[in-house]
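Remarks on the structure that follows.
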Amino acid sequence: METVFLNGQDLTPETLKSLQSFESKIDLTESAWEAVKNARKVIDKVLDEKRTVYGINTGFGKFCRVLVEPERLVELQNNLITSHACGVGECIPVGQARALMALRINILAKGFSGISEETISRMIKAFNSGVVSQVPARGTVGASGDLAPLAHIALGYGKMYSPKTGIAAAEEVLASNDLSKLELKPKEGLALINGTQFISTIGSEALVRAENLRKSADVIAAITIDTLSGKVYAFDNVIHEAKKHKGQSIVASVNIELPVLSCRNSFSDDHTNYQDPYTFRCVPTVHGVALDSIKFVRSILAVELNSATDNPMILASRDRTISCGNFHGEYPAKALDILAIAVQDIANISERRIERLCNPSCSGLPAFLAQEGGINSGFMMSHVTASALVSENKGLCHPSSTDSLSTSAGTEDHVSMGGWAARKALQVVKNAEHVLGIELLAACQAFDLKEKEGHFKSTEVLTNIRNLVREHITFMDKDRYLAEDMEKSTELIVSGLIADQAQFIQ
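The sequence shown runs 1 to 506 under UniProt numbering.
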């Protein structure tokens, strides 16, 4: 089993997503262990010198001026976890909870939180045993960090999961895996929950899936354009270089024209239509800005995954603590609002291409791609499903980071709402995957119908993708249970198989 070494410096969205599975273990690098040790020394010195420092021997939030007696400091930290573990609703999947735990450990490894070696070691042992808490999805406003979900991550409360026990009471899960409830030292409760890791964990999954979807969308659009006799000259690189947006040029000249369509002369030879609809010739613009937006989101999350987000920050090099606002989730919240909007437009334009595939006035093919239309309805309702998903996404794309509510009696008076930004961004991506799955299925049906006419020959790349789809889903010669086919088509996208068929895609 592979061991991923965490140091708070170089964790990527892909590695974090991979930690959702039970196929990897984690540990800290030697330098990270040293950083953890040095930060804890600062906490111990504060306690030895009986200094008053927020979060160590005071209350929290509005209670920051309440001093806590030395003999009650452990009680203070335990109370913090139990009072803040108040999320509601359905729990996030176990895999996401594992990644959330791993990401918090990665941030603790930076040495700015003051966690003890003993406590972080027990967290690592729990992770490597497959033990993780059940974490409700709702309850964070994204400042002061993702307090509620991170409080649920603390070992020993509520329901937990392990491969040995399944979901059960925390006491049973811990005992079955030779583990025990965390015994928190001063400052450690706060160290566990101050951070943007819920936003970043869910957001990283959304990002990785969005990147794969965007690549798949380019080649799926190419199949539709090819099948419906779209004109290649709209993708001429000279046109797109004149506008100078990098993403647009990549989509046009690299992802569609050069490797997929440019070898076909029939497009430019057909002058019956002087120009194609926007859903064909504007693909480089729509997909291109999505490409550039997704790159921006990656730049934000790549930093956030390795950023110290605690308060107060423990500065071992200065032997002091400083209260700050690094816990605020505005950066990932804004980025994930942008991600949702970018991905939604990929789904928007895909749904319009599905309509053109199904509409005989646009496609020149049987209505709804059905043989014996009337007896068979073909892709009539598949298009309706795509329309429903696109409409749902429009509501989900309302930015959450433009909202803020004052909490903690006015002490925490501006928040990011990043948790909702992350959750809805991931839902937008999932909905878009289904929309593109429907287009892929319909485009391959149209491809086969055109081949049956005897006057159509596609390129090798697009034919290979059609053949891949046909290995899993047969041509629909009459109506059948289509939901299963749609799920298979979507899974071909989610798995990366479609993007992998076109290695040139950027």
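Quick reminder that beta carbons are idealized off the backbone N, C-alpha and C, glycines included.
Between the alpha carbons of Asn326 and Gly158 lies a gap of roughly 29 Å. For the pair Ala502 and Ile493, the CB atoms are not nearer than the 9 Å cut-off. Of the residues Ala206, Cys362, Val428, the one whose Cα lies closest to the Cα of Pro332 is Ala206. Separation of Ser200 and Val94 (C-alpha to C-alpha, rounded to the nearest whole angstrom) is 16 Å. If you draw a straight line from the Cα of Ser144 to the Cα of Ala308, it comes to about 13 Å. Between the alpha carbons of Ile92 and Thr407 lies a gap of roughly 24 Å.
Gly418: member of the alpha helix (DSSP H) spanning 418-453, first to last residue. Within the same chain, Cβ atoms closer than 6 Å to the Cβ of His414 are found at Ser404, the five residues on either side in sequence being excluded. Between the alpha carbons of Leu497 and Ser249 lies a gap of roughly 24 Å. Between Leu301 and Ser416, the alpha-carbon positions lie close to 15 Å from each other. Here the stretch 431-449 makes contact with the stretch 351-367; the two share three or more CB pairs at distances below 8 Å. For Gly373, the beta-bridge partners assigned by DSSP are Asn376. Our two residues, Asn464 and Arg470, have alpha carbons roughly 10 Å apart in a direct line. In summary, Tyr278 is exposed, with fewer than 16 beta-carbon neighbours lying within 10 Å of its beta-carbon over all protein chains present.
Across the structure, Leu192 and Ile43 are spaced so that their CA atoms are roughly 15 Å apart. Sixteen is the threshold: when 16 or more other Cβ atoms of the shown chains lie within 10 Å of the Cβ of Ile81, as they do, the residue is buried. In the pairwise beta carbon analysis, the stretch 443-459 is classified as touching the stretch 212-228: at least three pairs are separated by under 8 Å.
For Val4, the uninterrupted beta strand (DSSP E) run begins and ends at 2-6, by DSSP. Across the structure, Lys50 and Ile56 are spaced so that their CA atoms are roughly 11 Å apart. Inside the stretch 13-54, DSSP marks whole beta strand (DSSP E) runs of 3 or more residues at positions 24-28, from first to last along the chain. Taking C-beta atoms as the reference points, Pro149 and Gly139 count as a pair closer than 9 Å.
When DSSP reads this structure, Tyr161 sits in a beta bridge with Val132, Ile167. Between Val88 and the set Ile115, Gln134, Met123, the nearest pair of CA atoms involves Gln134.
Less than 9 Å divides the Cβ of Leu426 from the Cβ of Gly203.
Cα atoms of Gly364 and Ser489: separation of roughly 24 Å, rounded to the nearest angstrom. Residue nearest to Gly418 within the set Cys358, Asp485, Leu336, Glu117 is Leu336 (criterion: CA-CA distance).
As the crow flies, the alpha-carbon of Leu147 is around 49 Å from that of Gly378. Inside the stretch 329-370, DSSP marks whole alpha helix (DSSP H) runs of 4 or more residues at positions 330-358, 360-363, from first to last along the chain.
Contact between Ala342 and Val283 is ruled out by a C-beta separation of about 14 Å, above the 8 Å threshold.
The residue among Phe198, Ser129, Lys187 with its C-alpha nearest the C-alpha of Ser176 is Ser129. Residue state for Met476 is assigned as coil, using DSSP reduced to three classes.
Under DSSP, Val88 forms a beta bridge with Arg138. When C-beta atoms of the stretch 9-16 are compared with those of the stretch 115-130, fewer than three pairs fall below 8 Å, so the two segments do not count as touching. Check the Cα spacing between Thr52 and each of Val68, Ala39, Asn38: the tightest is with Val68.
Looking at the backbone, the Cα of Leu190 and that of Ile322 are separated by about 14 Å. By the Cβ rule, the stretch 21-37 does not count as touching the stretch 209-223, because fewer than three pairs are nearer than 8 Å.
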